[in-house]
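Student:
Protein chains: 2
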Amino acid sequence: MNSNSNVFCIIMAGGIGSRFWPLSRSYKPKQFLDILGTGSSLIRQTYCRVSRFCSPENIYIVTSDIYKQQVQKHIPEISENQVLLEPMRRNTAPCIAYATQKIALRNPNACIVVAPSDHLVLNEEAFLKTISTAIDFASINSALLTIGIKPSRPETGYGYIQVGKQAEKRIPNLFKVKTFTEKPNLDLAQVFLQSGEFYWNSGMFIWSLKSIQEAFAKYLPDIQSLFTESHSLFNTTDEATAVASVYSQCKNVSIDYGIMEKADNVFVICAEFGWSDLGTWGSLFLNSKRDEGNNAIVGKNVVAHNLKDCIVQMPADKLVLIQGLEGYIVVESDGILLICKKDNEQEIKTYLGEIFAEKGDQFA
Amino acid sequence: MNSNSNVFCIIMAGGIGSRFWPLSRSYKPKQFLDILGTGSSLIRQTYCRVSRFCSPENIYIVTSDIYKQQVQKHIPEISENQVLLEPMRRNTAPCIAYATQKIALRNPNACIVVAPSDHLVLNEEAFLKTISTAIDFASINSALLTIGIKPSRPETGYGYIQVGKQAEKRIPNLFKVKTFTEKPNLDLAQVFLQSGEFYWNSGMFIWSLKSIQEAFAKYLPDIQSLFTESHSLFNTTDEATAVASVYSQCKNVSIDYGIMEKADNVFVICAEFGWSDLGTWGSLFLNSKRDEGNNAIVGKNVVAHNLKDCIVQMPADKLVLIQGLEGYIVVESDGILLICKKDNEQEIKTYLGEIFAEKGDQFA
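Chains as they are written, first to last, in the numbering used here: chain X, 65 to 428; chain Z, 65 to 428.
(1) Between the segment 71-80 of chain Z and the segment 116-127 of chain Z, can you find at least three pairs of beta-carbon atoms closer than 8 Å?
(2) Measure from the alpha carbon of D330 of chain X to the alpha carbon of each residue in X:Y392, X:R113, X:E141 and X:A231, then state which is nearest.
(3) Apply the 10 Å Cβ neighbour rule to P380 of chain Z and answer buried if 16 or more other Cβ atoms are within range, or exposed otherwise.
(4) Reducing DSSP to helix, strand and coil, say where H183 of chain X ends up.
(5) Return the bridge partner residues of S128 of chain Z from the DSSP annotation.
(6) Counting C-beta neighbours from all protein chains within 10 Å, is the total for K315 of chain X 16 or more, i.e. buried, or is it exposed?
(7) Using the beta-carbon of each residue, which ones in chain Z are nearer than 7 Å to I386 of chain X?
(8) Considering only the alpha carbon of each residue, which of Z:L87, Z:F191, Z:L273 and Z:D200 lies closest to C112 of chain Z?
(9) Using alpha carbons as the reference points, say which of Z:I270, Z:T245 and Z:A304 lies closest to F117 of chain Z.
(10) Measure the C-alpha to C-alpha separation of M65 of chain X and S216 of chain X and round it to an integer number of angstroms.
(11) Hey, L208 of chain Z and M324 of chain Z are a contact pair by Cβ (cut 8 Å); roughly how many whole angstroms apart?
(12) Using three-state DSSP, classify N171 of chain Z as helix, strand or coil.
(13) Here's the rule: buried if 16 or more other CB atoms are within 10 angstroms of the residue's CB, otherwise exposed. What is Q109 of chain X?
(14) Listing by chain order, which chain Z residues have their CB less than 7 Å from the CB of K372 of chain X?
(15) List the whole-angstrom C-beta distance separating Q146 of chain X from F298 of chain X, where the pair is believed to meet the contact cut-off of C-beta under 8 Å.
(16) Using beta carbons (cut-off 7 Å, strictly below), is L348 of chain X in contact with chain Z?
(17) Kindly indicate which three-state DSSP category N237 of chain Z falls into: helix, strand or coil?
(18) Give me the Cα-Cα distance between I400 of chain Z and V376 of chain X, rounded to the nearest whole angstrom.
(19) One question on the structure: do G212 of chain Z and E246 of chain Z come within less than 7 Å of each other, judged by their Cβ atoms?
(20) Mark T300 of chain Z as exposed unless 16 or more other C-beta atoms lie within 10 angstroms of its C-beta, in which case mark it buried.
(21) In angstroms with no decimal places, state the Cα-to-Cα distance between S119 of chain X and S69 of chain X.
(22) Leaving out the 5 sequence neighbours to the left and right, which residues in its chain are closer than 6 Å to V384 of chain Z when beta-carbon positions are compared?
(23) Are the segment 278-289 of chain Z and the segment 149-167 of chain Z in contact at 8 Å, needing three or more beta carbon pairs?
(24) So which residues on chain Z does V367 of chain X lean against when the C-beta distance must stay under 8 Å?
(25) In the DSSP assignment, what are the bridge partners of R89 of chain Z?
(26) Across the segment 181-197 of chain Z and the segment 301-308 of chain Z, are there enough close Cβ pairs to call them in contact, namely three or more that are closer than 8 Å?
(27) Can you tell me whether DSSP reads V317 of chain Z as helix, strand or coil?
(28) Can you tell me which of X:S340, X:V114, X:D320 and X:G357 puts its alpha carbon nearest to the alpha carbon of L100 of chain X?
(29) What number of angstroms, rounded off, separates the C-alpha of V310 of chain X from the C-alpha of E150 of chain X?
(30) Using a Cβ-Cβ cutoff of less than 8 Å, which residues in the same chain neighbour E390 of chain X once the five nearest sequence positions on both sides are dropped?
(31) Once you ignore the five residues that flank K405 of chain X on each side, which residues in its own chain have a CB closer than 8 Å to its CB?
(32) Please state if the CB of P86 of chain X and the CB of S347 of chain X are separated by a distance shorter than 7 Å.
(33) Starting from V394 of chain Z, find everything on chain X with Cβ-Cβ shorter than 8 Å and list it in chain order.
(34) Taking the alpha-carbon of T220 of chain Z as reference, which of Z:N265, Z:K92 and Z:A279 has the nearest alpha-carbon?
(35) Can you check the segment 275-326 of chain Z for any alpha helix (DSSP H) of at least 4 residues that lies completely inside it and give the ranges in chain order?
(36) Beta-carbon separation of L273 of chain X and A168 of chain X under 7 Å?
Take a look at the structure:
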């Protein structure tokens with residue numbers, strides 16, 4: 065592995081995970097949950113995974129200031145100055161710009177891996193092999209690399225990347241990116257799947273410090289300037305104040321929209337390593353252990369009869385008798401109960417908006 | 065009204081109401097619940113209803129010794145010696161024999177109305193009129209009277225009474241009973257409904273002390289002897305011990321099976337007064353206020369979308385988001401959750417048996 069001192073990692077952990085309400089709540093978003101019941105939280109799994117190719121002192125976690133203590137509790141190995149606190153949510157571009165600035169102050173030759181904190185990777189060896197190839201390529205090329213996942217179904221919940229020409233003969237799975245697409249409808253997703261040219265956009269990136277700084281300078285110069293102008297205050301007691309000022313002036317923009325879709329040196333490394341963004345109950349279901357009725361049930365005292373294709377998550381001590389449901393999500397957490405058709409889970413967000421508007425944020 | 069000193073009432077309140085689990089539990093059975101959310105419990109409603117034709121000091125409540133305090137709390141008007149405590153459950157015949165013995169010691173000319181404590185009567189004036197006619201008839205005839213309810217649907221959850229000849233010209237709705245039937249299947253229930261000869265068996269009885277004592281002597285002489293032999297200990301400090309001894313020797317038998325189906329002086333007074341035994345979630349649903357989706361929802365924080373024909377009962381403070389259910393019962397009480405198809409509610413009892421066997425009686 066390339067566990068050399070130039071390799072850095074940015075773990076993005078600011079998400080509020082409203083999709084898994086009421087299991088995830090604003091005070092305990094998805095990354096801090098052991099959502100599949102494996103014994104460790106998603107952020108802890110991510111940390112352990114990236115520390116196999118990156119020295120622990122080179123790992124930065126970017127999160128909201130309200131989650132600082134949770135990050136430290138889940139990853140006690142890292143020091144306080146590796147937990148970067150965002151004073152407000154401004155999407156992924158400012159998040160990456162902030163961490164990049166911190167890394168720039170330490171190592172001008174850094175090669176950086178950016179990873180979300182709340183995704184699933186089942187095949188860690190395949191993941192590490194992909195990362196290794198990506199770091200090798202990104203270290204010596206002016207390239208912005210993203211990881212594309214070979215689709216296994218016509219998923220409508222992901223963005224897709226269409227591959228263009230192979231970049232190098234010796235790397236069969238690395239291509240120039242032709243287009244990024246938004247989440248498709250089912251018909252289009254089926255076309256994508258059959259074409260063989262489209263890969264799921266995993267939201268993981270690999271690039272050299274130099275490449276990403278050039279890209280920020282070219283495509284998001286405002287954000288770049290805000291951070292470089294304040295950089296003398298970084299690593300001082302005034303960092304938080306400086307960052308607060310920078311963030312208040314930063315626009316809300318994703319790295320995909322702000323840079324990846326505009327730059328002309330964007331590449332994708334295609335891989336399969338049992339990846340899921342665990343972004344929906346449906347994807348959670350696909351990655352959960354199921355019983356003979358194809359139900360994913362968490363909860364010691366759940367008594368089920370004639371149950372099929374359901375996701376049930378209950379507090380361990382709660383007695384629940386469920387009969388005759390097919391294709392439903394039944395979840396209780398912190399005294400809030402959700403019962404919803406799996407097919408309609410996209411509507412939950414709308415309903416929640418109404419609930420929070422009417423009943424107040426204590427339920428968020 | 066016949067509110068004369070000869071009229072007595074026996075309210076049977078020993079039921080454990082397992083049908084409404086988890087809303088009713090062994091420590092708070094149905095009669096003590098305000099199950100329709102009207103503002104008073106079913107036993108309180110029953111007491112108020114019968115006290116319109118019966119002096120409060122002539123009302124006896126028969127219940128299990130474990131419910132004594134709950135009875136006194138719900139009906140503070142009556143004195144301790146009017147609450148008769150059964151040391152064990154032996155069905156309705158011993159229950160009625162016990163209270164009858166107590167009444168015999170007070171008034172040999174008593175006319176007695178027997179009523180369950182957990183039924184619903186919507187039209188109290190019609191009910192009182194029926195009772196008045198029944199008392200008039202039972203006071204002067206050697207007759208065992210039951211109340212038959214004009215069926216409004218082919219209900220399979222009730223027993224039926226087939227009427228024979230009209231008893232008296234001046235009372236158009238009072239007939240000799242031809243047969244008692246068990247709960248029919250749906251086909252038979254439809255035949256019953258169309259025939260016009262069949263009425264729902266309400267489980268309410270009216271008879272003179274003399275008539276019921278004669279019937280006990282003839283059809284249940286064992287039970288009769290047990291109580292008369294001990295009657296000198298009644299109304300003494302040894303009553304509980306005597307009753308414990310009697311009950312331990314009594315067989316478990318209903319008044320219907322033990323007397324009504326065998327005696328030849330059984331009459332039925334047919335009536336309509338908005339009656340339900342509230343014996344099933346379905347019957348509860350029929351008697352509840354419903355929203356535009358035909359749902360009966362109890363709970364201030366229940367947010368429902370695309371919900372149809374459902375019964376939802378939730379603790380007031382609990383936030384619940386339910387989407388896309390049709391024809392289900394969703395009930396939570398004391399931390400236990402039930403989700404079940406309305407059509408399958410008969411199966412709940414079986415499931416509960418399994419649960420209690422496996423997980424223990426603390427859930428009963």
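By construction, the Cβ of each residue, glycine as well, lies at the ideal position given by its N, Cα and C atoms.
Tutor: Result, derived from the coordinates:
(1) yes
(2) It is Val, not Asp, that sits at residue 330 of chain X in the sequence shown. It is X:A231 whose Cα lies nearest to the Cα of V330 of chain X.
(3) Inspection of the sequence shows that residue 380 of chain Z is occupied by Ala rather than by Pro. Under this definition A380 of chain Z is an exposed residue.
(4) Coil, per DSSP.
(5) Z:E150
(6) exposed
(7) I403
(8) Z:F191
(9) Z:I270
(10) The predicted model places M65 of chain X with a pLDDT of 46, which falls under 50 and marks its position as unreliable; any figure quoted below should be read in that light. The alpha-carbon atoms of M65 of chain X and S216 of chain X are separated by roughly 28 Å.
(11) 6 Å
(12) Reduced to three states, the DSSP call for N171 of chain Z is coil.
(13) By the Cβ-count criterion, Q109 of chain X is buried, with 16 or more other Cβ atoms from all chains shown falling within 10 Å of its own Cβ.
(14) The premise fails here: K372 of chain X is roughly 13 Å from chain Z at the closest Cβ pair, so nothing lies under 7 Å.
(15) Actually they are not in contact, since the Cβ atoms of Q146 of chain X and F298 of chain X sit about 13 Å apart, beyond 8 Å.
(16) no
(17) strand
(18) 15 Å
(19) no
(20) exposed
(21) 7 Å
(22) V366 and M378
(23) yes
(24) Proximity of chain Z to V367 of chain X at the Cβ level (cut-off 8 Å) is accounted for by Y415, E418 and I419, in chain order.
(25) Z:K92
(26) no
(27) coil
(28) X:S340
(29) Distance between the alpha carbons of V310 of chain X and E150 of chain X is about 10 Å.
(30) L371, K372, D373 and C374
(31) Setting aside the 5 residues that flank it on each side, K405 of chain X is surrounded in the same chain by G391, Y392 and I393, each with a C-beta closer than 8 Å to its C-beta; the list follows chain order.
(32) no
(33) I403
(34) Z:N265
(35) 285-293 and 303-313
(36) yes
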